[in-house]
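Residue numbers (this note's numbering): 9 to 197.
Ideal placement from N, C-alpha and C gives every residue a C-beta, glycine not left out.
For clarity, every value in this text was computed on a predicted model and none was experimentally measured.
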Amino acid sequence: MKKGLLIVFSGPSGVGKGTILSRIINDEDLNLAYSVSMTTRSPREGEVDGVNYFFVTRERFQQAIANDELLEYAQFVGNYYGTPMAYVEKMREEGKNVILEIEVQGAKQIIAKCADATSIFITPPSLEELERRIRGRKSESDEVITARIEKARQELLETDIYECVVCNDDLDKAVRDVKDYLLRKIEAE
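In structure tokens, the structure reads:
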């Protein structure tokens, strides 16, 4: 059986990554599996261990770091988040193309560590449009929105580390572009 791809999928908050993924995740031609991350945060209502996240203690996470068991990790708001290497490799050995929706910080770690990783970055048509989309969700304060836009500005300076950059100015076209790119990568393997 052919080993599956390792796909890094990034882009600023509000750019439409989740929407694009929801449109392609069950496409049989792509044979995708969504990577489950490990975290030290407590489960939210309805979240299931091993489905939404692998929920672990801080000590277990630090042990995973020390033992080089993670493809990437980061700390946000006092909790660790990371991608367990054994889980991803198991899925890839089963022929699944594993997709990781991660921040630029984690993407850099994976790209440096895994020569066979493929990477896609989703951009907004403009920062103004991104801000309009985030404000349209009506779920964050002005200061959170300002922070998200500033973070997006920084992330957009790092798109050169990605193999493929897709602008989400038209959702259907962005979905097609991501799918077409992945199909080319799958066929090339």
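Pairing Val-23 with Thr-91, the inter-Cα distance amounts to about 22 Å. Note on the segment 99-127: whole alpha helix (DSSP H) runs with a minimum of 4 residues are 112-121, in chain order. The DSSP-derived three-state label of Ser-18 is strand.
By the Cβ neighbour-count rule, Met-99 is buried, with 16 or more other Cβ atoms within 10 Å of its own. Going by DSSP, Tyr-189 is part of the alpha helix (DSSP H) stretching over 179-196. In the DSSP annotation of this structure, the continuous segment of the beta strand (DSSP E) that includes Ser-45 starts and ends at 45-47.
Distance between Val-174 and Val-112, taken at the CA atoms: about 15 Å. By DSSP's assignment, Glu-80 forms a beta bridge with Thr-91.
With contacts defined as CB atoms closer than 7 Å, Ser-43 and Val-106 qualify as a contacting pair. Taking a C-beta distance under 7 Å as the contact criterion, Ser-18 and Ala-115 qualify as a contact pair. In the three-state scheme derived from DSSP, where H, G and I count as helix and E and B as strand, Ile-33 is classed as coil.
The beta-carbon distance between Glu-77 and Lys-11, rounded to whole angstroms, is 19 Å. This is too long to meet the 8 Å contact definition.
For the 7 Å CB-CB criterion, Ile-157 and Glu-139 form a contact.
In terms of Cα proximity to Asp-177, the closest of Glu-36, Arg-192, Glu-136 and Glu-166 is Glu-136. Counting only residues of its own chain and dropping the five nearest sequence neighbours on each side, Pro-133 has a CB closer than 8 Å to the CB of Cys-175, Asn-176 and Asp-177. DSSP places Leu-40 inside the beta strand (DSSP E), whose first and last residues are 40-42. Excluding residues up to 5 positions away in sequence, nothing lies with its Cβ nearer than 6 Å to the Cβ of Gly-58 in the same chain. By the Cβ-count criterion, Asp-185 is buried, with 16 or more other Cβ atoms from all chains shown falling within 10 Å of its own Cβ. DSSP lists Phe-129 as the beta-bridge partner residues of Val-173.
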